[in-house]
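Novice:
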Amino acid sequence: TLQDGDCATRGLFCSLRQLSRPVLQSQSVSFLTGHIPSSLGVILRTTDKIVWANEFEPIELTCLIESISTNNPRIEWKKIKNGVPSYVYFQNRISGDLEHRAQLREPANILIFNTTRSDTAEYRCEVAAIDDQRDFDEILISLAVRVKPVVPRCSVPEAVTVGTSTEMRCLENEGFPAPQYRWFHNNEELPQDPKISPKLVNSSYSINPDTGGLKFRRVRKEDAGEYYCQAKNDAGHAQCPPQMMEVYDVDILGIFLKSFGAVIVFFCLAATICHSLRRGCFSKKGHNENNYNWPAQTDGVEYGDADEGHFRHKSSFII
């Protein structure tokens, strides 16, 4: 290894070696940093290819230009929904679905002020640089807008008998992604597995968090109370108003009295119909007897037809 003081005696060889040091260092730095010469053309990248945003909140789609030689490249943004592209930034201005709702930010990012559910689509950033060797590049970004659930529609039975089965329903159609459902009993959340709660270990309910169904195989007296459902996703949650469900014991005496009363009513109705039918039969029979015409008494003479021209006596008359 040469010391700096030795260069005075070593001559030209030492001088050439010192001059070569910065050249080698600059080449190694360039290799380690991975610098790409701009002569290769325009190169784009993005921070997120899949972007999520909440409805009515701002979101920025990034289109970063890694390298470019052209001073004023042509920048365009297209929205692709159901396979059909449409311009949202063209000829240096916002257009289409994003008009008056977005702006272009340097270098080629697009900022949406208030996203809506209709903004869910794919967006393509395109940059054309005519002075570069590679004069065109594009990058595709997927935007999904979360939508907060609205108040779900809940169905809770008003009254149930102990030991019977019943079902409660909860449905919401606006939220995106599809919400998960939770049920609350007297302001306490019902766990999906009742066995994990000491108070609910004997309960027979089951919850479907995807459909919002709450089913009881056998209702207990302890199941009475207020119920409400909550629909929740990453954008927020909403719940329906509480509804009361009452649970009654089985009324054996009431069932017996109702059944006995039904039997009595049936027999009374049958007796009335039978009595009416019998009266109708007797009335008709008596009417026929009263209307019967007995043969008139004659004087023993049997008259023949006028055409016969004579008459004859019966045997009783002759005797």
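Mapping to UniProt numbering: the sequence shown position 211 is 211, numbers consecutive.
C-beta: ideal position from N, C-alpha, C; glycine also.
#1: Which residues mark the beginning and the end of the beta strand (DSSP E) in which Asn109 is found?
#2: Would the segment 122 to 136 and the segment 63 to 75 be scored as touching if the rule is three or more Cβ pairs under 8 Å?
#3: Do Met245 and Val162 have their C-beta atoms within less than 8 Å of each other?
#4: Would you mind giving the Cβ-Cβ distance between Pro149 and Gly175, rounded to the nearest angstrom? I have them listed as a contact below 8 Å.
#5: Quick test of the definition: if touching needs 3 or more C-beta pairs under 8 Å, does the segment 106 to 119 touch the segment 42 to 55?
#6: Are the CB atoms of Glu167 and Gly212 within a distance shorter than 8 Å?
#7: Is it buried or exposed for Leu200, if we count other Cβ within 10 angstroms and need 16 for buried?
#8: Considering only the alpha carbon of each residue, which of Cys240, Leu269, Gly236 and Val219 lies closest to Val250?
#9: In the structure shown, what three-state DSSP assignment does Thr62 receive?
#10: In angstroms, rounded to a whole number, what distance separates the CA positions of Tyr89 and Asn114?
#11: Are the beta-carbon atoms of Arg153 and Leu171 separated by less than 8 Å?
#12: Rounded to whole angstroms, what's the CA-CA distance from Gly261 to Gly225? Just pull it up for me.
#13: May I ask which residues mark the beginning and end of the beta strand (DSSP E) holding Arg169?
#14: Output the residue ranges of the beta strand (DSSP E) runs that lie fully inside the UniProt domain "Ig-like" (37 to 142) and measure 3 residues or longer, sorted by chain position.
#15: Beta carbon of Leu44, beta carbon of Glu138: below 8 Å?
#16: Figure out for me which residue from Val156, Asn82 and Ile273 has the closest Cα to the Cα of Lys215.
Specialist: Per the coordinate set shown:
#1: In the sequence shown, the residue the question calls residue 109 occupies position 109. That run of the beta strand (DSSP E) goes Asn109 to Ile112.
#2: yes
#3: Numbered from 1 along the sequence shown, position 245 holds the residue referred to as residue 245. Numbered from 1 along the sequence shown, position 162 holds the residue referred to as residue 162. The answer is no: Cβ separation not under 8 Å.
#4: The residue given as residue 149 occupies position 149 in the sequence shown. The residue given as residue 175 occupies position 175 in the sequence shown. Their Cβ separation, rounded to whole angstroms, is 3 Å, which keeps Pro149 and Gly175 in contact under 8 Å.
#5: yes
#6: Here residue 212 corresponds to residue number 212 of the sequence shown, with the count starting at 1. Here residue 167 corresponds to residue number 167 of the sequence shown, with the count starting at 1. For Gly212 and Glu167, no; Cβs fall outside 8 Å.
#7: As a working note, residue 200 is residue 200 in the sequence shown. Counting Cβ neighbours within 10 Å, Leu200 comes out buried, since at least 16 surround it.
#8: Residue mapping note: residue 250 aligns to position 250 of the sequence shown, counting from 1. Selected option, being the one with the closest Cα: Val219.
#9: To locate residue 62, count along the sequence shown from 1; it is residue 62. Coil, per DSSP.
#10: Taking the first residue of the sequence shown as position 1, residue 89 is located at position 89. Taking the first residue of the sequence shown as position 1, residue 114 is located at position 114. In a straight line, the C-alpha of Tyr89 is about 17 Å away from that of Asn114.
#11: By one-based count along the sequence shown, residue 153 stands at place 153. By one-based count along the sequence shown, residue 171 stands at place 171. Yes, they are a contact pair.
#12: Sequence index remark: in the sequence shown, residue 261 carries index 261 (1-based). Sequence index remark: in the sequence shown, residue 225 carries index 225 (1-based). So the two alpha carbons sit approximately 33 Å from each other.
#13: What you label residue 169 is simply residue 169 of the sequence shown in a count that begins at 1. Thr166 to Leu171 is the extent of the beta strand (DSSP E) around Arg169.
#14: 43 to 45, 50 to 54, 59 to 61, 64 to 67, 74 to 81, 84 to 90, 102 to 105, 109 to 112 and 121 to 128
#15: Here residue 44 is taken as the residue at index 44 of the sequence shown, counted from 1. Here residue 138 is taken as the residue at index 138 of the sequence shown, counted from 1. Contact flag set, yes.
#16: Here residue 215 corresponds to residue number 215 of the sequence shown, with the count starting at 1. Measuring from the Cα of Lys215, the nearest candidate turns out to be Val156.
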